[in-house]
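Below: the structure, in structure tokens.
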Amino acid sequence: MGILDTVTEAFASSTQRAPSEGGDDGSEGAYWCDDCTVRVRDVNVDAEGLDRDAEGTPRCPDCGEAMRFERASGSGCAC
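Below is the structure:
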């Protein structure tokens with residue numbers, strides 16, 4: 001295998017994502033606690049058992065404050 005093949009293969013594999021990554025699971029973003037820097041994807045809120053405020057917004061599991069929703073941009077993750 002030549003150096004060009006090695007470089008081409010390395011770049012190709014670095015741009016591929018696993019099937020479980022990305023927006024295929026219905027996620028539209030994540031909830032953030034700005035004070036604690038806690039992040040919970042919207043599709044994981046119920047699974048993690050987070051409490052919600054009167055408006056249905058998840059509360060931070062560390063401090064109990066309402067979390068801020070941040071919509072994912074593009075087709076990547078809600079990082």
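If you count by full-length UniProt numbering, then the sequence shown holds residues 1 to 79, one letter each, in order. Glycine residues also receive a C-beta, built at the ideal position from the N, C-alpha and C atoms.
- Within its own chain, the residues whose Cβ lies closer than 7 angstroms to the Cβ of D35, once the five positions on either side in sequence are excluded, are C63, E65, listed in chain order.
- Rounded to whole angstroms, the Cβ separation of V45 and P58 is 5 angstroms, and the two are in contact under 8 angstroms.
- Within the model, the alpha-carbon separation for C33 versus R39 is close to 7 angstroms.
- Judged by DSSP secondary structure, V38 falls within the beta strand (DSSP E) whose first and last residues are 38-41.
- Of the residues V43, G2, E48, the one whose Cα lies closest to the Cα of F69 is V43.
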